[in-house]
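Participant: Residue numbers (numbering that gives the first Met the number 0), protein chains in the order written: chain U, 0 to 197; chain F, 0 to 197.
Where is the CB? At the ideal position from N, CA and C, for every residue including glycine.
Predicted, not measured: the structure shown is a model, and the values here were computed from it.
Pasting in a structure now, in structure tokens, and then I'll have a few things to ask.
Number of protein chains: 2
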Amino acid sequence: MPSAATPRAQRADARRNVAAIVDAAIRTLATSPDASMADIAAAAGVGRVTVYAHFASRADLVRAVTTRVIDDGEVALAGVDLTGDPREALVRLIESSWQQIVRIGSVMAAATDVLDPGEIRRLHDAPAERVRSLVHRGRHEGVFRTDLPESWLVGVLHMIIQGAAVEVDAGRLSPAHAVATISTTVLAAYAVPPTQRP
Amino acid sequence: MPSAATPRAQRADARRNVAAIVDAAIRTLATSPDASMADIAAAAGVGRVTVYAHFASRADLVRAVTTRVIDDGEVALAGVDLTGDPREALVRLIESSWQQIVRIGSVMAAATDVLDPGEIRRLHDAPAERVRSLVHRGRHEGVFRTDLPESWLVGVLHMIIQGAAVEVDAGRLSPAHAVATISTTVLAAYAVPPTQRP
DNA sequence: TGTAACCCGTACACTGGTGTACGACAAGGG
DNA sequence: CCCTTGTCGTACACCAGTGTACGGGTTACA
């Protein structure tokens with residue numbers, strides 16, 4: 000390696016193109032998880048080979064997109080106030096999660112075909128842990144039911160949110176009502192059943 | 000067309016092979032929805048070309064598999080007693096539906112890539128209608144909540160059952176507890192909320 | 001203004017899956 | 001027992017997507 004500073008570094012338009020490619024990939028993969036490199040390149044307004052100049056393979060690109068999407072999501076979710084009444088905290092978390100789902104669509108489905116299962120699992124674990132600890136606290140405070148496994152309750156939230164996304168783009172649920180409908184349903188599913196009360 | 004009866008009809012082993020192919024296709028597509036013709040042929044213990052002797056294309060085969068699976072499902076679901084307390088009827092319906100899901104796995108996902116959306120929609124409508132009418136009756140009898148859309152409640156059952164299947168083969172939910180867990184959750188989500196009572 | 005960095009288009013090799021053709025061989029049914 | 005029906009293997013054409021190579025043209029940046 001030369002003692003002089005990096006000869007020229009990366010050019011400005013190159014960085015701009017990389018960003019355009021990732022953005023286009025998110026947009027494209029969000030609606031069709033098995034879009035081709037040609038599709039993504041076209042959506043980015045860039046030649047197909049140019050994509051390969053920045054990402055060695057399709058897997059590489061999907062990996063980059065996935066981590067970008069996850070990181071952004073983490074930032075948003077980290078800003079949610081999870082203190083106070085667990086039910087109200089849950090609604091706030093649902094609100095933020097819903098924004099993420101709308102944004103990333105089925106990008107994760109694309110990642111499934113590319114990343115190894117362990118990697119996928121690890122990606123899902125981060126946001127799930129947030130839900131888990133909230134559920135845990137809610138159960139401990141006697142607000143959420145304890146007659147079903149903790150992991151199941153966490154899963155139910157995931158199912159309902161994902162399902163709502165399907166209902167919305169099938170036209171059976173208005174986007175405006177989505178968050179309220181999800182919240183109402185999940186809170187009902189989480190509530191302590193009458194028979195469990197002392 | 001000759002006046003004589005069909006010269007020879009279909010041979011016995013041919014019919015046997017067709018059945019073997021369809022069975023193998025169900026088994027194979029249930030776990031990997033985008034299995035190739037070669038995979039299916041191998042699973043059926045049959046040459047790849049033999050499959051083409053009976054099904055003109057992959058789409059044809061998937062179509063045949065789908066209708067077989069749906070028909071069998073319809074027969075099972077039709078045997079469920081939907082009278083009496085809507086809550087108990089719902090549990091019976093869940094029990095039967097769960098068996099179907101376990102059996103067909105992700106065959107429908109395979110169908111999604113092949114059949115046109117309208118056809119898919121029509122296929123899902125048949126079992127959904129059964130749920131819908133039960134939900135409708137339950138709401139009319141004041142047992143199920145009416146503060147959420149009917150179509151949403153129907154969707155919730157679908158989400159929970161499908162989600163449970165994911166949880167089971169992720170090892171987070173015991174198959175033995177699946178039906179009870181699903182039923183408890185769905186009944187909680189369907190119950191009339193305290194604030195709605197007069 | 002020069003030059004390294006970059007983009008673009010075309011072309012090509014490679015892979016994996018689909019669907020067809022053909023000829024040899026086995027098996028069921030009259 | 002014979003002939004039709006069906007199966008099997010190999011081989012081939014085809015398509016779509018991935019990844020690489022190269023040469024001419026641009027663009028940023030110093």
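What residue range does the alpha helix (DSSP H) around residue 85 of chain F cover?
Facilitator: For residue 85 of chain F, the uninterrupted alpha helix (DSSP H) segment begins and ends at 85-103.
Participant: At the level of alpha carbons, what is the spacing between residue 23 of chain F and residue 141 of chain F?
Facilitator: 46 Å
Participant: Hey, how far is the Cα of residue 138 of chain U from the Cα of residue 112 of chain U?
Facilitator: 36 Å
Participant: Taking the alpha helix (DSSP H) that residue 81 of chain F falls in, what are its first and last residues?
Facilitator: No alpha helix (DSSP H) holds residue 81 of chain F; DSSP gives it neither H nor E.
Participant: Where do the ends of the alpha helix (DSSP H) carrying residue 136 of chain F lie?
Facilitator: From DSSP, the alpha helix (DSSP H) with residue 136 of chain F extends over 116-139.
Participant: Between residue 158 of chain F and chain U, is there a C-beta pair that is closer than 7 Å?
Facilitator: yes
Participant: Distance check for residue 163 of chain U and residue 181 of chain U, CA to CA, integer angstroms please.
Facilitator: 7 Å
Participant: Taking 7 Å as the limit between beta carbons, can you name the residues of its chain near residue 90 of chain F, skipping five residues before and five after?
Facilitator: The residues are 182.
Participant: In whole angstroms, what is the alpha-carbon distance linking residue 93 of chain U and residue 12 of chain F?
Facilitator: 57 Å
Participant: Are the Cβ atoms of residue 167 of chain U and residue 179 of chain U separated by less than 7 Å?
Facilitator: no
Participant: Just to confirm my understanding: we take residue 122 of chain F, look at its own chain, exclude 5 residues before and 5 after, and list those with CB closer than 6 Å. What are they?
Facilitator: Contacts found: 69.
Participant: Below 8 Å on C-beta distance, what does residue 151 of chain F contact in chain U?
Facilitator: 166, 171, 172, 180, 184
Participant: For residue 188 of chain U versus residue 188 of chain F, is the C-beta spacing smaller than 7 Å?
Facilitator: In contact: residue 188 of chain U and residue 188 of chain F (Cβ atoms closer than 7 Å).
Participant: Name the one or two DSSP bridge partners that residue 190 of chain U has.
Facilitator: U/143
Participant: Could you round the C-beta distance between residue 154 of chain F and residue 171 of chain U to whole angstroms and report it? I think they count as a contact, below 8 Å.
Facilitator: 7 Å
Participant: Looking at residue 186 of chain F: is its Cβ nearer than 7 Å to the Cβ of residue 109 of chain F?
Facilitator: no
Participant: How would you write the range of the alpha helix (DSSP H) that residue 28 of chain F sits in, first residue to last?
Facilitator: 11-30
Participant: Name the residue from U/65, U/26, U/48 whose alpha carbon lies nearest to the alpha carbon of residue 120 of chain U.
Facilitator: U/65
Participant: Under the three-state reduction of DSSP, which class applies to residue 35 of chain U: helix, strand or coil?
Facilitator: coil
Participant: Below 7 Å on C-beta distance, what does residue 188 of chain F contact in chain U?
Facilitator: 184, 187, 188
Participant: Alpha carbon to alpha carbon, how far is residue 57 of chain F from residue 42 of chain F? Give it in angstroms, no decimals.
Facilitator: Distance between the alpha carbons of residue 42 of chain F and residue 57 of chain F: 15 Å.
Participant: Does the beta-carbon distance from residue 50 of chain U to residue 25 of chain U come in below 7 Å?
Facilitator: no
Participant: From the beta carbon of residue 137 of chain U, is the nearest beta carbon of chain F less than 7 Å away?
Facilitator: no
Participant: What's the call for residue 173 of chain U, buried or exposed, on a 16-neighbour Cβ count within 10 Å?
Facilitator: exposed
Participant: Can you check whether the C-beta of residue 117 of chain F is within less than 7 Å of a C-beta belonging to chain U?
Facilitator: Not one beta carbon of chain U lies nearer than 7 Å to the beta carbon of residue 117 of chain F.
Participant: Rounded to the nearest angstrom, how far is the Cβ of residue 96 of chain F from that of residue 160 of chain F, given a contact under 8 Å?
Facilitator: 6 Å
Participant: Which bits of chain F does residue 147 of chain U rub up against, with CB to CB less than 8 Å?
Facilitator: 180, 183, 184
Participant: Cβ of residue 152 of chain F within 7 Å of Cβ of residue 134 of chain F?
Facilitator: Result yes, Cβ atoms of residue 152 of chain F and residue 134 of chain F sit closer than 7 Å.
Participant: Between residue 194 of chain U and chain F, is there a C-beta pair that is closer than 7 Å?
Facilitator: No, residue 194 of chain U lies away from the interface with chain F (no Cβ there is under 7 Å from its Cβ).
Participant: For the segment 86-119 of chain F, which residues have a CB atom closer than 9 Å to at least one CB atom of chain U, in sequence order?
Facilitator: none
Participant: For residue 46 of chain F, would you say it is in contact with chain U, using Cβ-to-Cβ distances shorter than 7 Å as the test?
Facilitator: no
Participant: Closest to residue 99 of chain U by CA distance: which of U/10, U/67, U/149, U/39 is it?
Facilitator: U/67
Participant: Out of F/80, F/194, F/16, F/77, which has the shortest C-alpha to C-alpha gap to residue 144 of chain F?
Facilitator: F/194
Participant: Within a Cβ cutoff of 8 Å, which residues of the same chain sit near residue 80 of chain U, ignoring the five residues on either side of it in sequence?
Facilitator: 88, 91
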